[in-house]
Each structure stands twice: as structure tokens, then as C-alpha cells.
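J.: My questions will all concern the structure given below.
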Amino acid sequence: MVAFLWPKRAEMASSSFNEAVVCESQGRYDEAMELYKKSLDILIMVLAQDKVRAHPSVATTYNNMGKVFHSQGMNAEALEMYQESLRIWFKLHGKYHPVVAASYNNIANVFQSQGKYREALAMYKKSLKIKIRVLGPEHPAVASSYNNMGSVLQSQRKYDEALALYTKSLHIKINFHKEDHPSLAASYNNMGTIFQSQGKHAKALEFYTRSLEIFVKALGRDHSAVATSYSNIVNPSP
């Protein structure tokens with residue numbers, strides 16, 4: 123949040139926004155939404171109309187409201203907020219900027235939640251294109267995009283295509299992170315689920331085990347991700 127000509131109101135907007143972030147992190151979504159709306163109302167009040175339509179604090183607030191709606195399963199409302207945020211970021215930064223890529227990614231998440239896989243994949247591809255251009259092809263954010271696209275293809279049972287993208291994601295992570303980084307474990311787990319779905323049980327077990335080893339080393343035996351890995355090994359999904 124930035125300072126405006128009305129310092130007290132700016133402080134109120136910032137305070138409400140920060141409280142909303144805390145409530146959101148605690149799963150108190152109704153409270154978070156009220157606080158985000160309060161912050162947004164103040165921003166609209168203190169900014170000139172043209173600045174409201176192109177101000178980063180407004181875009182960020184719309185984005186966070188979208189996240190809350192999405193967490194509540196209110197996908198149509200989430201999509202509306204994300205699109206408002208994207209419109210502002212696009213006006214501020216043009217086509218090629220990380221926040222524009224993030225907006226496309228968020229919109230894709232909503233489409234994926236709705237089972238609109240074609241639309242989701244199109245948005246993930248837009249996000250990927252920007253990330254490669256702005257951040258380079260070996261950036262972890264690019265790996266994340268490949269992973270997300272793989273998830274969509276896996277939902278469509280396009281297992282070979284999904285595996286290819288999961289593999290691309292993993293290779294980037296290996297080059298960027300330490301060998302015991304949790305994100306590598308997540309990739310091994312995702313690839314294990316593909317092999318499991320293809321009936322390649324020995325291969326699935328190999329990848330699940332590798333995922334488990336990394337999670338235990340990085341997060342400790344009591345972490346929920348470790349429990350999930352044990353479950354995949356003991357009770358693999360068909």
C-alpha cells in the first residue's frame with residue numbers, strides 16, 4: 123500500500139488490507155473479504171477515478187479478493203476479481219510482466235477448478251510465455267507453469283503429455299534447487315501418480331519413495347506431506 127494525499131485514510135486502507143491478509147491466512151474468509159472490501163472502498167474514495175482504474179494497490183486488492191472467493195469455491199466471483207486485477211496490471215505494465223503472468227495463472231486455476239480444462243490450459247500457456255520471456259526458460263516460475271499444465275493434462279487423462287511436462291518442470295527444479303528441496307519431492311510425487319494411473323506400479327513406487335525421502339529430509343517426519351507420501355506408497359490410488 124502507498125501513501126496518498128489523505129494519510130489517515132491511507133493508513134486505514136493499509137491496516138484493513140493487512141488485517142485481511144492475516145484473516146485469509148487463518149481461513150477466516152468472510153472476515154478477510156469484509157476487510158478487503160473496506161480497503162478497496164477507501165482506495166476508491168481517496169483516488170481520482172482515472173487512478174482507481176490503473177493503481178497497483180487496487181489491482182492487488184482485487185487479486186486477493188479473488189483468492190478468497192476461490193478458496194470458498196465461489197469460482198464465478200473469483201474469476202471476476204482476477205479479471206479486474208488483470209485489466210489493471212495490463213494497463214500498468216503491458217503484456218509482458220510477472221504480475222500479468224501471475225494473473226493469467228490465477229484465472230487458469232479457476233478454470234481448472236471448474237473443469238474447464240481447455241480454457242485453463244490456454245491461460246497457463248499465456249502465463250508460461252510471459253515467464254519465459256521475462257524470467258528466462260530455467261526459472262522456477264517456469265517450472266511451476268509446466269507443472270500446472272501437466273496437472274490439467276493429467277485431469278484429461280493425457281498421461282504421456284502430462285508426464286513430459288512434469289519432467290520438464292523437474293529438470294528445471296534440479297538445476298535451480300538443492301537435491302533435497304521440497305519442490306523436487308512434489309514433482310516426483312506427481313510423476314508417481316502418472317505411473318500409477320498407467321498401471322506402472324513399480325515405477326510409481328520408485329518415484330513415491332524418492333518423494334518421501336526428500337520430504338522427510340526437508341520437512342521432518344511429522345509434516346503432512348510426509349503422511350501423504352506414506353499413504354501413496356501404502357495405499358496407492360488405482
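Going by this note's numbering, the first residue of the sequence shown is number 123, and it counts up by one from there.
Even glycine gets a Cβ: it sits at the ideal position worked out from N, Cα and C.
#1: Rounded to whole angstroms, how far is the Cβ of V256 from the Cβ of H215, which I believe are closer than 8 Å?
#2: Going by alpha carbons, who is nearest to V348 out of A307, M313, A154 and K325?
#3: Would you report the Cα separation of D163 and A244, rounded to the nearest angstrom?
#4: So, at 7 Å on beta carbons, what are the nonlocal neighbours of E153 in its own chain, with the 5 sequence-adjacent residues on each side left out?
#5: Can you find the residues in the same chain that come closer than 8 Å, C-beta to C-beta, to I252, ignoring five residues on each side of it along the sequence?
#6: So does the region 275-284 actually touch the region 260-267, counting three or more Cβ pairs closer than 8 Å?
#7: At the level of alpha carbons, what is the spacing between T350 and R332?
#8: On the three-state DSSP scale, how would you describe Q148?
#9: Quick check on the DSSP output: the alpha helix (DSSP H) that includes Q205 runs from which residue to which?
#10: Report buried or exposed for Q148, applying the criterion of at least 16 other Cβ atoms within 10 angstroms of its Cβ.
#11: Measuring straight from C-alpha to C-alpha, what distance separates E156 and N185?
#12: Give me the Cα-Cα distance between T289 and Y310, rounded to the nearest whole angstrom.
#13: For Y268 versus L287, is the C-beta spacing smaller than 7 Å?
#14: May I ask which residues mark the beginning and end of the alpha helix (DSSP H) holding E260?
#15: To the nearest angstrom, report how far apart M123 and N231 are at their CA atoms.
#16: Compare the beta carbon distance of Y158 and T182 with 7 Å and say whether it is the shorter of the two.
#17: What does a CB cutoff of less than 6 Å around A142 pick up in its chain, not counting 5 residues either side in sequence?
#18: Counting along the chain, where does the alpha helix (DSSP H) carrying Q318 start and finish?
#19: Quick check: the Cα distance between S175 and R209, rounded to an integer number of angstroms?
#20: Please list the segments of the alpha helix (DSSP H) lying wholly inside the region 226-289, counting only runs of 4 or more residues, in order along the chain.
T.: Taking the coordinates as given:
#1: Actually they do not touch by this definition, with Cβ atoms about 10 Å apart.
#2: A307
#3: 33 Å
#4: Take E153, set aside five residues on each side of it, and the residues of its chain with a beta-carbon closer than 7 Å to its own are C145, in chain order.
#5: K217, Y218, H219, P220, V222, A223 and Y226
#6: no
#7: 13 Å
#8: Of the three classes helix, strand and coil, the one that applies to Q148 here is coil, per DSSP.
#9: N197 to H215
#10: exposed
#11: The C-alpha of N185 is placed about 14 Å away from the C-alpha of E156.
#12: 9 Å
#13: In contact: Y268 and L287 (Cβ atoms closer than 7 Å).
#14: E260 -> no alpha helix (DSSP H), and no H or E assigned at all.
#15: Only weak support is given to the placement of M123: the predicted model assigns it a pLDDT of 46, under 50, and the value that follows is read from those uncertain coordinates. Straight-line Cα distance between these residues: approximately 26 Å.
#16: no
#17: Here the set comprises A154, L157 and Y158.
#18: P304 to S319
#19: For clarity, residue 175 is Arg in the given sequence; the question names Ser instead. Each residue's Cα considered, the two are about 9 Å apart.
#20: Those alpha helix (DSSP H) runs which fall completely within the region 226-289 and span 4+ residues are 239-257 and 262-277.
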